[in-house]
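Below you'll find the structure, written out as structure tokens, and then a few comments.
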Amino acid sequence: MNRRVKNINLTIAAATLLVVSAALPAFADKKQKSEWAHGEEGLAYHIRGEERQSKEKADYMKRLSAGGKIYFLACRQDWQEALDLLEKFPQKETGSALYVRAYCLEKLKRHEEAIKVYSRAKSKVDMIFSPGFKFYFHFADAQINGGQLGEALKNIDIAESKCQTAPKYGYTEQAAFNMMRRLKYVILEKNGQYEKAFAGYCQQLDPHKKILHLNEKLVVTPEKLKNAEAFLRENAKPPAQDRGDDYANHWLSSGNAYLLLGKTAKAKACYVIVEAYKPWYEVRKTKLAEDDSQLKESKLNAQLSLLKLFYAERDFKKCCSQIRNIYGTFSANPVEYAEHKYAVISMKDVPQLVLQQDVDLHSTIAETILDKEPFTSGLQKEKLKGEKRAAFERRREKRLALFANDPLLSKAHRELQQKDFARCSATLDQFLRVNSHLSLEHKGYYQGRKAGVFDRNFVYQVRLLQLAVGFASGRKSQTLSFRVYSEPLHSARWDAIEDRLLGRRGSSTSSDLEKFRNEPEFAAWCHVAAGVNMMSTGNYKGAGREFGMVTLPEEILHLADYMSVLKAFCERQK
695 MNRRVKNINL TIAAATLLVV SAALPAFADK KQKSEWAHGE EGLAYHIRGE ERQSKEKADY
755 MKRLSAGGKI YFLACRQDWQ EALDLLEKFP QKETGSALYV RAYCLEKLKR HEEAIKVYSR
815 AKSKVDMIFS PGFKFYFHFA DAQINGGQLG EALKNIDIAE SKCQTAPKYG YTEQAAFNMM
875 RRLKYVILEK NGQYEKAFAG YCQQLDPHKK ILHLNEKLVV TPEKLKNAEA FLRENAKPPA
935 QDRGDDYANH WLSSGNAYLL LGKTAKAKAC YVIVEAYKPW YEVRKTKLAE DDSQLKESKL
995 NAQLSLLKLF YAERDFKKCC SQIRNIYGTF SANPVEYAEH KYAVISMKDV PQLVLQQDVD
1055 LHSTIAETIL DKEPFTSGLQ KEKLKGEKRA AFERRREKRL ALFANDPLLS KAHRELQQKD
1115 FARCSATLDQ FLRVNSHLSL EHKGYYQGRK AGVFDRNFVY QVRLLQLAVG FASGRKSQTL
1175 SFRVYSEPLH SARWDAIEDR LLGRRGSSTS SDLEKFRNEP EFAAWCHVAA GVNMMSTGNY
1235 KGAGREFGMV TLPEEILHLA DYMSVLKAFC ERQK
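For the sequence shown, the numbering used here begins at 695 and goes up steadily by one.
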């Protein structure tokens, strides 16, 4: 019997997790970054692929003092070069110079040496060398990597204090303060101080105690016990796993029922099943979006129930792990995250190293840009571009997979190969009608996702091909506009392609289309649309020429096959 399992609500309501995440520094806007990047300092920071030396770097360094060169090289990630110059620096025992030395040693993964030099630098703190939070965070980073977790906590405490007492306790300092607290709790957990760590997690993630409700008592009444027993008796067999919402709700409700009956071990086992459940579309790697809201709600309730049980048992080690799983905020290494966002030394923290000439050449926005990432270009940017393209292709393959074995499309393709244009057109028309009426509410998650992909991608592609084979079959009274199937259009791309279909220029010549005018797929569908328009007016020679210009092989619906057959058809017409 296909019915949704009714979830037995206990004490945990569905809630939106308000994750208290550490905000990133206020990085410079695009205009400022561009101006800096093309200025003298920005060009000097450019790293072209694996080539670290450049004329711009050499020219810029000629204008710096001896200490300014060391600071510049350290921030540019030329750490060994900076260390070599430090050996010749007259004031190499000042706190500022020792700070840069320790920083470079740590970046070169010489942790023990870095810790010793950081300690010496810390002993030099005075009225002149009075660094901000970054110094203490960088010191703690070295101690964490060197296994000195207890000592790292002391420096994290100082970093926290420095953030709060900064002259301008603004956005950057607040973000750093949140990061230092997060880092402290993770260190406590790694150091085996689970109860303290868990208390810190709760304080940061649920400060107003609106979500976790750890001390809330379970209310048991005779009526609830009777309902729990009835539910377990009537739902002994779970639904099939591919019925995601029903499957998860069954085990969540079973866990709640066992908990009411005092069978804690069985309740835990049920909650674990919900927490670990992966729907079929994720297992098969065809997932197109996040889990639907009902499944997410079930998982959240199961995770929160497990957390309450661990807390009741005072198992704070499991509590720490569970709360990190719930919020996802601490699953990545927070040390690496913070290191990435506070990656360079602040010039104001090394006054004994730099001179006024260095300060004058240094942009105020440079540190916020370099804190985020090294300033690179050339091969590394090409690599990143390639990675983004590969990710796009993977998403595209997932979309195509939804319709790869569609029986109507396969049937239409067979009819095309047989030159049975009338049947092919009718089959494609049927495919459009069927998929245009998919509904998330009535068809479930899979069909709903398929409908979304159809609306965003396939409706226009299939419509163009259906029109073309329709004209080949002699259908003269077809409506050309895409808006027969969708209103409004989903993108400027398909607006522009419709202009070609209708034989007008319109928005397809506007400047906002320049960013994808040269994309092969856009150009291909423009040629298809122009060819269809010419077929509608009887210009088969022009249509055949347009179909012959489609150079995107093996695309959706065997586009190359459609174009080959249609081009041959048009060439045979008088």
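Note that CB positions come from ideal geometry on N, CA and C, so glycine has one too.
Quick check on residue i: does DSSP put it in helix, strand or coil?
{"i": "E991", "result": "helix"}
{"i": "I764", "result": "helix"}
{"i": "E745", "result": "strand"}
{"i": "N1099", "result": "coil"}
{"i": "L919", "result": "helix"}
{"i": "A1262", "result": "helix"}
{"i": "G886", "result": "coil"}
{"i": "P1045", "result": "coil"}
{"i": "Q771", "result": "coil"}
{"i": "Q935", "result": "coil"}
{"i": "S1175", "result": "coil"}
{"i": "Q842", "result": "coil"}
{"i": "K1170", "result": "coil"}
{"i": "E787", "result": "coil"}
{"i": "H1252", "result": "coil"}
{"i": "N929", "result": "coil"}
Quick one, which of the options has its alpha-carbon nearest residue i's?
{"i": "H944", "options": "R1194, K878, K751 and S992", "result": "S992"}
{"i": "Q1267", "options": "S1167, F1216 and G762", "result": "S1167"}
{"i": "E928", "options": "V914, G1232 and S947", "result": "S947"}
{"i": "A1254", "options": "G1236, V1222 and E1265", "result": "V1222"}
{"i": "H907", "options": "Y1005, A891, K818 and Y879", "result": "Y1005"}
{"i": "A886", "options": "C1014, D1114 and R757", "result": "The displayed chain sequence assigns Gly, not Ala, to residue 886. Considering only alpha carbons, the answer is C1014."}
{"i": "N1227", "options": "R804, L1122 and L1196", "result": "L1196"}
{"i": "T1231", "options": "H1252, A1162 and S1258", "result": "A1162"}
{"i": "W1219", "options": "L1159, K1235 and F1263", "result": "L1159"}
{"i": "E729", "options": "I1063, E1265 and R1127", "result": "I1063"}
{"i": "Q1124", "options": "K818, R876, Q1112 and G1164", "result": "G1164"}
{"i": "E734", "options": "L1251, D1052 and D939", "result": "D1052"}
{"i": "I905", "options": "E917, R1008 and I1017", "result": "I1017"}
{"i": "D1065", "options": "C1264, K816 and C769", "result": "C769"}
Which word fits residue i, buried or exposed, when buried means at least 16 other C-beta atoms lie within 10 angstroms of its C-beta?
{"i": "T1245", "result": "exposed"}
{"i": "Q898", "result": "buried"}
{"i": "P1214", "result": "exposed"}
{"i": "H732", "result": "exposed"}
{"i": "Q1050", "result": "exposed"}
{"i": "L912", "result": "exposed"}
{"i": "R1157", "result": "buried"}
{"i": "G956", "result": "exposed"}
{"i": "I838", "result": "buried"}
{"i": "G844", "result": "exposed"}
{"i": "E889", "result": "exposed"}
{"i": "L820", "result": "Sequence inspection shows Asp at residue 820; the Leu mentioned does not correspond to that position. Classification for D820: exposed."}
{"i": "G736", "result": "buried"}
{"i": "I850", "result": "buried"}
{"i": "K1035", "result": "buried"}
{"i": "N1099", "result": "exposed"}
I need the straight-line Cα distance from residue i to residue j, nearest angstrom please.
{"i": "E775", "j": "L799", "result": "11 Å"}
{"i": "K1261", "j": "A1106", "result": "17 Å"}
{"i": "A870", "j": "E781", "result": "32 Å"}
{"i": "L1174", "j": "F1152", "result": "16 Å"}
{"i": "K856", "j": "I1020", "result": "31 Å"}
{"i": "Y941", "j": "Y952", "result": "17 Å"}
{"i": "E1109", "j": "R1117", "result": "7 Å"}
{"i": "L847", "j": "K828", "result": "14 Å"}
{"i": "L779", "j": "D772", "result": "11 Å"}
{"i": "T1121", "j": "L1103", "result": "8 Å"}
{"i": "G841", "j": "V794", "result": "21 Å"}
{"i": "S824", "j": "K786", "result": "17 Å"}
{"i": "V1259", "j": "K751", "result": "59 Å"}
{"i": "V811", "j": "N909", "result": "47 Å"}
{"i": "H740", "j": "F833", "result": "27 Å"}
{"i": "Y971", "j": "G1022", "result": "17 Å"}
{"i": "F892", "j": "A961", "result": "23 Å"}
{"i": "P916", "j": "A930", "result": "21 Å"}
{"i": "P932", "j": "S1119", "result": "44 Å"}
{"i": "H805", "j": "L954", "result": "53 Å"}
Measuring only between beta-carbons, confirm whether residue i sits less than 8 Å from chain B.
{"i": "G1238", "result": "Absent from the structure: chain B. Only one protein chain is present."}
Does the stretch 957 to 974 come into contact with the stretch 988 to 1002, if we say contact requires no fewer than three beta-carbon pairs (one atom in each stretch) closer than 8 Å? yes
Just checking, does the stretch 755 to 766 make contact with the stretch 1049 to 1059 on the three C-beta pairs under 8 Å criterion? yes
Would you check if there are 3 or more beta carbon pairs closer than 8 Å linking the stretch 917 to 935 to the stretch 1041 to 1048? Fewer than three pairs of CB atoms, one per stretch, sit closer than 8 Å, so the stretch 917 to 935 makes no contact with the stretch 1041 to 1048.
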